[in-house]
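Below is one structure, written out as structure tokens; the observations come after it.
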Amino acid sequence: MKKLIFTGILAIAGLATTANAQIQKGNWMVGSSLLSSNFGLNTGAGYDIKLQPRAAYFIEDNVAVGGYVTLGFSKPGAGKSTQFDYGVGALGRYFVSPGEKGVDNLLNHGRWFLEGNVGVGGFNVENGISTTGLDFGVGPGYSYFITPNIGVEGLVKYNGVTGFGNEGLTSRISFNVGFSIYLPTSKAKAIANDMK
């Protein structure tokens, strides 16, 4: 029984330190947002089914930069036409360290982050309205590590598209659900092994 309890304590401690090991300089993060619910600021609220694959490289501990692609469709609300969303661009993500600036982790095996993106994107609505131009967004999120290398994520984000078309600026606040896989490089693995 003591061995079982000791093994359980080690497993919990390992998960608690996993969030730190996976966001070190030299690691990769790949994943996607899968579903989102939006609260339209000038277009009405509704739901989205959207794939937003992304890949990012940790240039420093807690700081990742990379790119994203957006493909999806949205139903802005009752009586409104379905729209097709698209985009491609760069993203950055900063993970808040435990205790940093008074912000502690909600759970031991998770991490708060701030994400921002900028690129080219837009939407086309079946009734002919469209906007294409600068695609941008920013917002806070939380990644909960269900395994040492996989995080389930929730992200509240302000999204906007400004540019050409029938509408000059389209903006909304969305809640996104997705996942990320954290892939350590051989250097990060060596550091992790030295720490054991």
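Under mature numbering (1 follows the signal peptide of the UniProt record, and there is no 0), read the sequence shown as residues -21 to -1, 1 to 175, first letter to last. Glycine included, C-beta positions come from ideal geometry on N, C-alpha and C.
- When secondary structure is reduced to three states using DSSP, Glu132 falls in the strand class.
- Collapsing the DSSP output to three states places Ile125 in a strand.
- Gly89 counts as buried, since no fewer than 16 other beta carbons sit within 10 angstroms of its beta carbon.
- In its chain, beyond the 5 residues on either side, Leu93, Glu94, Gly95, Asn96, Lys136, Tyr137 have a beta carbon closer than 8 angstroms to the beta carbon of Val117.
- Secondary structure of Gly107 (DSSP, three-state): coil.
- The straight-line gap separating the alpha-carbon atoms of Gln3 and Tyr161 is approximately 10 angstroms.
- Residue range 148 to 162 is occupied by the beta strand (DSSP E) that includes Ser150.
- Following the DSSP letters along the chain, one finds Val67 inside the beta strand (DSSP E) bounded by residues 62 to 74.
- When Asn155, Leu13, Val44, Ser12 are compared, the shortest CA-CA separation from Gly5 is found for Val44.
- Bridge pairing for Gln3: absent [DSSP].
- Taken through DSSP and simplified to helix, strand or coil, Asn96 comes out as strand.
- A Cβ-Cβ separation of about 6 angstroms places Thr111 in contact with Gly144 under the 8 angstroms criterion.
- In terms of Cα proximity to Leu50, the closest of Pro32, Thr61, Val42 is Pro32.
- Distances from the CA of Phe102 to each of Phe52, Val75, Pro119, Gly71 were compared; the closest alpha carbon is that of Phe52.
- For Ala35, the closest alpha carbon among the candidates Leu13, Lys29, Val9 is that of Val9.
- Per DSSP, Asn87 has no beta bridge partner at all.
- Per DSSP, the beta-bridge partners of Asn138 are Gly116, Arg151.
- With a contact defined as Cβ atoms closer than 8 angstroms, Leu30 and Val156 miss out at about 12 angstroms.
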